[in-house]
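J.: The structure follows.
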Amino acid sequence: MHPQKIYNNSGSYVVSLTVTNNKGCSSTSTQTIVIQPKINATFSLSSLTQCITNNSFTFTSLSAIGNSTVSYLWNLGDGTTSTNASVTKSYNNPGTYLVSLTVNNITSGCSDVVSRIITVYPKPTASLTSSGTICQGNSFVINTTLSGTPPFQLAYSNGSQTFNISNINTHVYGISVSPIINTTYQITSLTDAQCAANTADLLNSKSTVTVTAISITQQPDSVKLACIGNALTLQATINTNATYTLQWQKDAINITGATSNILTINNAKLADNGVYRLAVIMPCGIVYSNETKVIVEPQPAPPAFLATVGLCQNEITGPLQASGNYLRWYTAATGGIGSTVAPVPNTSIIGTKQYWVSNSNSSNSCESPRYLITVNVSTPPTINVIVNGNLAIQPSQTVQLTATTNVNTNIIKWYKNGIYVGPSPNNSITLHIQDTGVYVAEATNLEGCSIKSKEFIVGRRISGGNIPTTNPLVLYPNPASTIVSGYFENPLNEDAEIRLVNMWGQILQTKTVKFTSIRQRFDFIVSNLKADIYAIEVINSKGFSTARNLFIKAN
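Under our numbering, think of the first position of the sequence shown as 4, with each following residue one higher.
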């Protein structure tokens with residue numbers, strides 16, 4: 004028989020064997036065995052991962068050996084070994100290493116082995132893998148190939164500025180650049196999750212972007228307003244030494260046949276609303292002009308204005324007149340920027356000056372065509388009025404006013420009390436007692452320059468003073484300064500007219516009063532009259548003066 008026994012604890016054990024035969028005879032044999040303590044190998048390490056740069060790992064045995072005498076054998080994974088209880092190791096190459104420790108009991112020959120894996124990370128690298136040519140204003144993507152452990156953080160330079168990019172989680176990354184001149188780019192720093200790159204290595208990789216210069220100026224470059232039926236023009240100026248072709252686009256779609264720098268729509272329609280741009284197609288790529296938003300609107304009404312304006316030399320005049328919703332004034336039929344302030348013609352120089360005016364529904368709406376206004380500045384005509392008769396007319400008398408002028412016209416305009424009364428044959432008018440008023444003659448030359456004569460007051464001369472009556476006309480106060488009041492009895496019980504007249508008989512104010520046997524009061528405001536002698540007259544229904552009283556207007 005061969006019994007087996009596993010001892011769980013170290014120590015000395017006495018093992019005896021007793022043999023007994025079938026006759027009852029027996030014999031015993033005893034032997035002492037020694038169980039040595041178990042070796043439990045383990046160790047600590049300073050870190051599981053390090054960057055290749057300046058890496059240094061420390062491994063220290065923490066093995067349970069009791070009172071045993073042991074030996075150590077480290078296998079450091081790169082072919083090197085050590086027999087110390089603690090060892091410090093630097094690795095020359097990145098990679099993954101299996102580090103093992105064997106602990107051997109010298110007395111008993113018992114041993115134990117423990118292993119752990121460490122990683123030495125390489126320095127990350129970056130390589131700029133593309134150079135190329137772009138048109139000025141376009142972008143270019145520099146492809147960057149990265150090695151290492153994401154995420155990456157890098158900085159790149161264009162020679163004058165440095166730009167930082169972080170949290171790159173791919174090994175191929177595109178850097179978008181838009182230089183305006185030829186520019187060389189390079190990575191200036193790079194780190195990954197573990198290490199930093201060698202700067203000297205990074206600077207060896209460069210990408211050069213060559214720029215083809217071009218500039219595009221588009222008019223207008225934001226919003227173009229047009230009225231339905233009007234012509235609409237967009238124009239671009241291209242400045243480049245490269246060869247190119249052109250293509251206008253509406254809402255990013257090519258317009259058939261629109262391949263010059265000028266786009267003209269002769270009859271604008273609502274369907275022409277959209278966003279327009281010019282594509283410049285060159286070997287380096289396509290460059291687009293700024294976008295112009297075209298807005299087509301209903302045609303506004305034309306402005307109301309005088310097409311010809313006649314002014315006299317050195318005449319003091321105001322701005323030109325026109326009416327509309329939103330007017331713009333110009334000094335040319337086309338081009339230029341309209342002014343919202345009407346121009347004031349210069350009358351110091353004889354001659355013709357042209358202006359144009361347009362109308363819009365608002366400041367942000369389309370503009371009507373421009374309409375011409377011609378201003379003629381000429382030498383003023385002369386005018387003279389000959390009076391034949393007495394301006395202070397008496398009943399059955401007349402007075403004739405005859406105007407003469409140096410201009411080649413047979414028409415003289417006459418005004419009475421500022422109101423046009425029309426032309427008269429031979430430029431003369433004959434006036435009767437009922438025609439009292441202030442008369443002015445006006446002559447106009449062929450250029451439209453007008454001149455007026457002085458005023459001629461044709462009045463009914465008051466002969467005598469007060470007209471006494473059995474029913475007195477009473478006035479008060481006399482002299483008067485602000486208001487003159489009065490009353491009058493009229494037994495005829497009829498309407499009568501009360502007149503305020505000057506001493507020429509010119510009627511200044513009138514009132515209609517229903518007179519009865521009861522006194523009726525009336526008032527006239529005289530504060531605006533100059534100091535003089537005036538009269539209040541009562542005119543009956545037949546037109547005769549039935550009463551008159553004089554009064555003095557004081558200052």
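Ideal placement from N, C-alpha and C gives every residue a C-beta, glycine not left out. Note that the coordinates shown come from a computational prediction; the quantities given were computed from them, not determined experimentally.
1. Using only alpha-carbon positions, find the residue among Y291, T350 and T295 that is nearest to N317.
2. By how many angstroms is the C-alpha of T246 removed from the C-alpha of V180?
3. Just reading off the alpha helix (DSSP H) that A129 is part of, what are its end residues?
4. Could you check which residue in H174, T173 and L157 has the C-alpha nearest to that of F166?
5. Under the DSSP definition of a beta bridge, which residues are partnered with S160?
6. From the DSSP output, in three-state form, read off A534 for me.
7. What's the call for Q324, buried or exposed, on a 16-neighbour Cβ count within 10 Å?
8. Do S71 and T110 come within 8 Å of each other at the CB atom, strictly closer than that value?
9. Hey, quick one: how far does the alpha helix (DSSP H) through I203 stretch, first residue to last?
10. Spell out the partners DSSP gives Q523 in its beta bridges.
11. With C-beta atoms as the reference, is I120 less than 8 Å away from L104?
12. So N293 and D224 are in contact, right, with Cβ under 8 Å, and what is the actual spacing, rounded?
13. Rounded to a whole number of angstroms, what is the C-alpha to C-alpha distance between I353 and I415?
14. Let's test the definition: count the other Cβ atoms within 10 Å of the Cβ of F527 and tell me whether it reaches 16, buried, or not, exposed.
15. Could you give the C-beta distance for T99 and T215, rounded to a whole number, given that I count them as a contact under 8 Å?
16. So, with DSSP's three-state summary, where would you put N293?
17. Where does the unbroken beta strand (DSSP E) through I414 begin, and where does it stop?
18. Using the C-alpha atoms, what's the distance from K8 back to T33?
19. Is the region 117-134 close to the region 178-198, with three or more CB pairs under 8 Å?
20. When DSSP labels each residue in this structure, what does Q316 get in the three-state scheme?
21. Go ahead and pull the three-state DSSP assignment for N11.
22. Does S192 come within less than 8 Å of chain B when only Cβ atoms are used?
23. For K514, is the classification buried or exposed, using 16 other Cβ atoms within 10 angstroms of its Cβ as the cut-off for buried?
24. In or out: G489 buried (at least 16 other Cβ within 10 Å) or exposed?
25. Determine the closest residue to V388 out of Q400, T377 and I460, with distance taken between C-alpha atoms.
26. Note the first and the last residue of the continuous beta strand (DSSP E) segment covering Y329.
27. Flag this pair as yes or no: are the beta carbons of S544 and E497 separated by less than 8 Å?
28. Could you please give me the residues that DSSP links to Y16 through a beta bridge?
29. For a quick check, are the C-beta atoms of F62 and V90 less than 8 Å apart?
30. Looking only at its own chain, which residues have a Cβ that is under 7 Å from the Cβ of T401, when we skip the five neighbours before and after it?
31. Considering only residues of the same chain and omitting the five flanking positions on each side of V73, which have a CB-CB separation below 7 Å?
32. Label I501 either buried or exposed according to how many other C-beta atoms from any shown protein chain fall within 10 Å of its C-beta, with 16 as the threshold for buried.
33. Can you list, in chain order, the stretches of the alpha helix (DSSP H) that have 4 or more residues and sit fully within the region 32-83?
34. Hey, out of G313, P322, G425 and P372, whose CA is closest to V380's CA?
35. Tell me the rounded alpha-carbon separation between I268 and C369.
36. I'd like the list of long-range same chain contacts for G69, defined as Cβ closer than 6 Å, with 5 residues on each side in sequence excluded.
T.: In terms of the structure at hand:
1. T350
2. 24 Å
3. A129 -> not in any alpha helix (DSSP H); beta strand (DSSP E) instead, spanning T128 to L131.
4. L157
5. Answer is T165 and Q189, bridged to S160.
6. A534: coil per DSSP, three-state reduction.
7. exposed
8. When the beta-carbon positions are compared, T110 and S71 come within less than 8 Å of each other.
9. Before going on, a small fix: residue 203 reads as Ala here, not Ile. First-last of the alpha helix (DSSP H) with A203: T202 to L205.
10. F491
11. no
12. 4 Å
13. Each residue's Cα considered, the two are about 23 Å apart.
14. buried
15. Rounded, the Cβ-Cβ distance is 50 Å, inconsistent with contact.
16. DSSP, reduced to helix, strand and coil, places N293 outside both helices and strands of the structure shown, so it counts as coil.
17. Segment: none, I414 is in no beta strand (DSSP E) and carries neither H nor E.
18. 16 Å
19. yes
20. coil
21. coil
22. The structure shown contains no chain B, having only a single protein chain.
23. exposed
24. Within a 10 Å sphere around the beta-carbon of G489 sit 16 or more other beta-carbons, which makes this residue buried.
25. I460
26. Judged by DSSP secondary structure, Y329 falls within the beta strand (DSSP E) whose first and last residues are Y329 to Y333.
27. Going by C-beta atoms, S544 is nearer than 8 Å to E497.
28. Answer is I36, bridged to Y16.
29. Their beta carbons are under 8 Å apart, which means F62 touches V90 by this criterion.
30. G392, T433, L434 and H435
31. I42, V106, N107, N108 and I109
32. Buried, since its Cβ has 16 or more Cβ neighbours within 10 Å.
33. none
34. Residue G313 is the option with its Cα nearest to V380.
35. 15 Å
36. P40
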